[in-house]
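Everything in the sequence shown is counted per the UniProt record's numbering, starting at 1 for the first residue and increasing by one. Glycine included, each C-beta is placed from N, C-alpha and C at the ideal position. The structure presented is a predicted model; accordingly, all values stated were derived computationally and were not measured. Step one of this worksheet: look at the structure below.
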Amino acid sequence: MKEEDFNKLLERYVEGSLSPEESKLLDEFFDSYLEQEDEGMGSGTALERTKETMFQKITSKGNKEEVVRKERIPTYMLLGLLAIILLLWTGSTQLWNQDTKWIVETAPFGENRSIVLDDGTEVFLNAGSTLTYPERFQSNKREVRLEGEGFFKVTPDKLRPFEVISGQLKTTVLGTSFNIKAFQEFPITVSVLTGKVKLSENGQSVDVESGWQSVFKGVDQKFSLSQTDVEKSILWREGVISFQDTELIEALEVIKRYYNVHFQVNSPLPTDKYITAEFDQEPLPNVLQTFKYVMDIDYSYINDSTILIK
1 MKEEDFNKLL ERYVEGSLSP EESKLLDEFF DSYLEQEDEG MGSGTALERT KETMFQKITS
61 KGNKEEVVRK ERIPTYMLLG LLAIILLLWT GSTQLWNQDT KWIVETAPFG ENRSIVLDDG
121 TEVFLNAGST LTYPERFQSN KREVRLEGEG FFKVTPDKLR PFEVISGQLK TTVLGTSFNI
181 KAFQEFPITV SVLTGKVKLS ENGQSVDVES GWQSVFKGVD QKFSLSQTDV EKSILWREGV
241 ISFQDTELIE ALEVIKRYYN VHFQVNSPLP TDKYITAEFD QEPLPNVLQT FKYVMDIDYS
301 YINDSTILIK
């Protein structure tokens with residue numbers, strides 16, 4: 001409930017003009033904060049007493065269809081009560097914001113990582129990716145931030161949408177499984193395995209269903225939709241590198257993260273070379289040899305972890 005709406009309800013309470021529906025709404029508001037007390041937020045006992053004082057006369061009259069009227073309470077008492085309520089409400093909200101502990105998990109180059117969030121949602125991080133998430137989700141939403149690539153298997157919760165912020169893009173779901181690839185300098189790709197997700201950015205949005213993927217290019221500020229083999233998009237969880245018509249420069253970035261190596265390029269790489277292939281935990285030399293013949297490039301080792309692309 002917004003503060004403005006909350007204040008209006010309290011004003012109507014003071015005036016004695018609350019309808020049964022409004023009384024129920026205000027009652028539900030207090031109940032929600034009493035639930036937060038169970039999580040260590042604010043003074044639940046004080047809120048309970050305040051609520052009982054406010055609604056004693058309302059609830060004693062039952063659920064009537066007509067507007068509820070009550071005996072007038074001295075104004076100074078109502079103003080004091082209002083001040084206490086607002087103080088508790090504001091303090092509880094501030095306490096939540098201050099006490100929210102954010103966790104940063106990073107999958108280093110050469111490794112994947114599995115994470116289980118507070119709500120039971122499973123997240124698989126690809127190498128070179130970072131997930132930032134709260135230790136405990138709020139009561140009205142679930143939000144995380146992703147840099148890199150991650151597969152999400154979201155626990156359904158119709159009352160708390162699950163949001164993934166990746167760069168400029170926000171992905172919103174209620175309960176589904178999907179993959180987000182959002183590495184810097186490359187388009188953001190969202191592939192949906194089950195269910196449906198909503199992508200939004202700067203006032204525009206698109207729905208992506210199972211078996212489809214959306215690519216968002218920051219330069220064009222546009223979404224594109226296409227059907228795809230999502231299973232291939234998430235083979236990385238099993239240690240398999242899957243390229244599907246992937247440009248050379250992006251493919252080399254994948255190799256870099258997977259094998260924890262660095263590439264040195266002395267001249268611009270061609271932008272018209274693409275590769276479609278799968279490597280199931282192949283040794284790096286085998287992968288480089290494939291690139292050499294398929295992509296028509298040459299390479300040499302500078303040291304164990306640095307490779308020169310010619």
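Rounded to whole angstroms, L252 and V190 show a C-alpha spacing of 20 Å. Short of 6 Å from the beta carbon of E238, and not among the five residues preceding or following it, lies no beta carbon of its own chain.
Looking at the backbone, the Cα of L18 and that of K141 are separated by about 29 Å.
Exclusion of the five residues before and after D207 leaves K196 and K198 as the residues of its chain whose Cβ lies within less than 7 Å of its Cβ.
The residues V190, L199, V206, V208, F223, S224 and L225, in chain order, have a CB closer than 7 Å to that of S214 in the same chain once the five nearest residues on each side in sequence are set aside. Leaving aside the five residues that flank N179 on each side, the residues in its chain whose CB is nearer than 6 Å to its CB run, in chain order, F151, S191, S233 and I234.
In the DSSP assignment, P285 falls within the unbroken alpha helix (DSSP H) covering L284 to V294.
The bridge partners DSSP lists for N303 are T306. Looking at the DSSP output, T132 sits in a beta bridge with V104 and R145.
A distance below 7 Å between beta-carbons, with the five flanking residues on each side excluded, links T100 to the following residues of its chain, in chain order: P134. A distance below 8 Å between beta-carbons, with the five flanking residues on each side excluded, links D229 to the following residues of its chain, in chain order: Q244.
Within the DSSP secondary-structure output, V173 pairs in a beta bridge with F162.
In the three-state reduction of the DSSP assignment, I249 falls in the helix class, which pools H, G and I.
DSSP places V230 within a helical segment (H, G or I) once states are collapsed to three. The three-state reading of DSSP puts K153 in strand, counting E and B together. Under the three-state reduction of DSSP, L235 is assigned to helix. Per DSSP, the beta-bridge partners of E122 are V116 and K153. Assignment of K273 by DSSP, reduced to helix, strand and coil, places it in the coil class. Contact annotation: T172 and P161 have beta-carbon atoms nearer than 8 Å. For I297, the three-state secondary structure derived from DSSP is coil. Distance from the CA atom of E147 to the CA atom of T306, rounded to whole angstroms, is 24 Å. In terms of Cα proximity to A182, the closest of L159, L284, G128 and P285 is G128.
Under the three-state reduction of DSSP, V254 is assigned to helix. Here DSSP, grouped into helix, strand and coil, assigns S23 to helix. Around the beta carbon of L308, fewer than 16 other beta carbons lie within 10 angstroms, which makes this residue exposed.
For the pair F291 and I297, the Cα-to-Cα distance works out to about 7 Å.
Here V261 is buried: its Cβ has 16 or more other Cβ atoms, across all protein chains shown, within 10 Å.
Across the structure, G120 and S242 are spaced so that their CA atoms are roughly 28 Å apart. Taking C-beta atoms as the reference points, K256 and F263 count as a pair closer than 8 Å.
For S214, the uninterrupted beta strand (DSSP E) run begins and ends at W212 to K217, by DSSP.
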